[in-house]
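K.L.:
Residue numbers (the working numbering): 812 to 1183. Backbone N, C-alpha and C fix where the C-beta goes; we use that ideal spot for every residue, glycine too.
#1: Would DSSP call residue 987 helix, strand or coil?
#2: Got a sec? Which residues, its chain only, sit under 6 Å from residue 1006 by beta carbon, not counting five neighbours each side?
#3: Within its chain, find whatever has a CB closer than 8 Å to the CB of residue 966; leave out the 5 residues flanking it on each side and keep chain order.
#4: Please classify residue 878 as buried or exposed, where buried requires at least 16 neighbouring CB atoms within 10 angstroms.
#5: Between the Cα of residue 1053 and the Cα atoms of 1033, 1116, 1040, 837, which residue gives the shortest distance?
#6: Would residue 919 and residue 1126 qualify as a contact pair, given that the criterion is a beta-carbon distance under 8 Å?
#7: Does the region 887 to 898 come within contact of the region 1107 to 1126, defined as at least 3 CB pairs closer than 8 Å?
#8: Would residue 1069 and residue 904 qualify as a contact pair, given that the criterion is a beta-carbon distance under 8 Å?
#9: Using alpha carbons as the reference points, say which of 1047, 863, 1066 lies closest to residue 964.
#10: Short check: CB of residue 914 to CB of residue 944, under 8 Å?
#11: For a test of the three-state rule: what should DSSP assign to residue 821, helix, strand or coil?
#12: Can you tell me the Cα-Cα spacing of residue 1097 and residue 1077, whole angstroms?
#13: In the DSSP output, what is residue 1007 paired with across the bridge?
#14: In angstroms, rounded to a whole number, what distance separates the CA positions of residue 1018 and residue 1118?
#15: Please return the same chain residues whose Cβ sits closer than 8 Å to the Cβ of residue 1177, not counting the five positions on each side in sequence.
#16: Using only the alpha-carbon positions, how far apart do residue 996 and residue 1075 sit?
#17: In chain order, what residues of the same chain lie with their CB nearer than 6 Å to the CB of residue 1166, ignoring the 5 residues before and after it?
#18: Any contact of the region 980 to 989 with the region 846 to 860, i.e. 3+ C-beta pairs under 8 Å?
#19: Have a look at 969, 843, 860 and flag the residue whose alpha-carbon is nearest the alpha-carbon of residue 1135.
#20: Answer with buried or exposed for residue 1164, where buried requires no fewer than 16 other C-beta atoms within 10 angstroms of its C-beta.
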């Protein structure tokens, strides 16, 4: 090889080429999971084409189905951003579920209990209450991690249980709507309700909040000094400390902001979708958001397609079951396979002969939540 050829080969990849390379593994992971799902459908003697056609039509077949997919995707976007922000600081915020619950609780209380306010005051107040509720719940494991070095994974998992049981008790007792036959809170007032985006459909303005949050998180992480410090702490805390950055403060800040995003996800569910908070408010968004963040490779702009994909699988599964006569649990298998292929991307790289770029080889990602 000539010196000129070596020089060209050593040049870093163009931005568009790097973007395509980054997309290859997630896209092929989804494709491979769906291919294996097709084999399972065929082995169960069902029609593969009917099954996946039903899945697509159930998720995107008409305006109503599309709007329902976006309704499901809205909290996925916000909770996925919450996990992503923690990952960027080297933290594994597995407590998004609890922060989701506490945000929903705080916002619904403000939404039904404060009366006489105009919508331009009451709605922002309820939204802020949800963000603060999630932020405070996220601050606790962040503070414990920063102050005494406790494992944020274990702390946030335990706080999930505390949040779920606390919300369940409050909804069934002091906050219960006395005129309702089922345990739930009173309905939020119209002045605290997120307005619908399309008449007659459940899609609400929470989707716009989620889209703004994507841009905000990207701007914060890549265009501000605090965001740079958070990413530096996540990449190499020792180097960040040597450079004069406060590692402990960035831990707390990352968990507070992560909790606020998760709280907003819960807020949208009670102010925009349900308009009340029922008992046994089992969402599953907090744990699914980990998979969404992994699928998005912890990048804010990757969260949107990942969240829509996850929502489409969830929303289209019912029609797939009806059309092809197969178990709805197949979708859970596909989702699990996607997670496996994303987490163990060497499988996909081996299958499709994808080599790592020099930038990927040099890049080191730290997640200190496990085993430290």
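P.N.:
Well, looking at it:
#1: coil
#2: 1016
#3: 906, 951, 952, 955, 956
#4: buried
#5: 1040
#6: no
#7: yes
#8: yes
#9: 1066
#10: yes
#11: Here the model assigns residue 821 a pLDDT of 48, short of 50, so the residue's position is not dependable, and the following value carries that caveat. Three-state DSSP puts residue 821 in a helix.
#12: 10 Å
#13: 1015
#14: 12 Å
#15: Low confidence applies here, because residue 1177 scores a pLDDT of 42, under 50, leaving its location unreliable and the question unanswered by this model.
#16: 18 Å
#17: none
#18: no
#19: 860
#20: exposed
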